[in-house]
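Engineer: In the numbering used here, the protein residues as written are 520 to 682.
Note that beta-carbon positions come from the ideal geometry of N, C-alpha and C, so glycine has one too.
Given the structure is predicted, the values throughout are model-derived calculations rather than measurements.
Handing you this structure, nothing more for now.
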């Protein structure tokens, strides 16, 4: 018995898309298509029907490969493909997995700098993590992303010593 599934795919190193390319992709994917120019990544989310996970994954891979080749004229590098049941997708949407989060103040404490310095890093440092969201108080980051940045951040010259 067939059931509904949600598929998502991410393609990397995609050049800017023309309107006709978006239209061609919408013929293959009845869903959401988003292109991020700064990262040159293409994100696609769509629905499909299949009797099981293996069939759903096969259909998703075939659909994304065929749709992108038709729209772009080549097969871009896929870096992510995910297939879940419609029920699982709804549960993840309605009850997301809890994450430890921090804003500029907490990030400043973690990095041993001022909030203003965190704002500078956020705007200018190429390796600073992207926020997962924004509130009226400012951007929100995962604790994991800030700690990962802290571990690889070269503060020189003038690296601060922490106690």
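Provide the residue(s) that pair with residue 552 in DSSP beta bridges, ordered along the chain.
Structural biologist: Answer is 563, bridged to residue 552.
Engineer: Please report the distance separating the alpha-carbon of residue 523 from that of residue 579.
Structural biologist: C-alpha separation (whole angstroms): 12 Å.
Engineer: Whole angstroms are fine: how far does the CA of residue 613 sit from the CA of residue 583?
Structural biologist: Distance between the alpha carbons of residue 583 and residue 613 is about 26 Å.
Engineer: State the start and end residues of the unbroken alpha helix (DSSP H) segment that holds residue 535.
Structural biologist: Segment: none, residue 535 is in no alpha helix (DSSP H) and carries neither H nor E.
Engineer: Residues bridged to residue 668 by DSSP?
Structural biologist: Residue 668 pairs with nothing; no bridge assigned.
Engineer: What number of angstroms, rounded off, separates the C-alpha of residue 608 from the C-alpha of residue 551?
Structural biologist: Roughly 14 Å separates the two Cα atoms.
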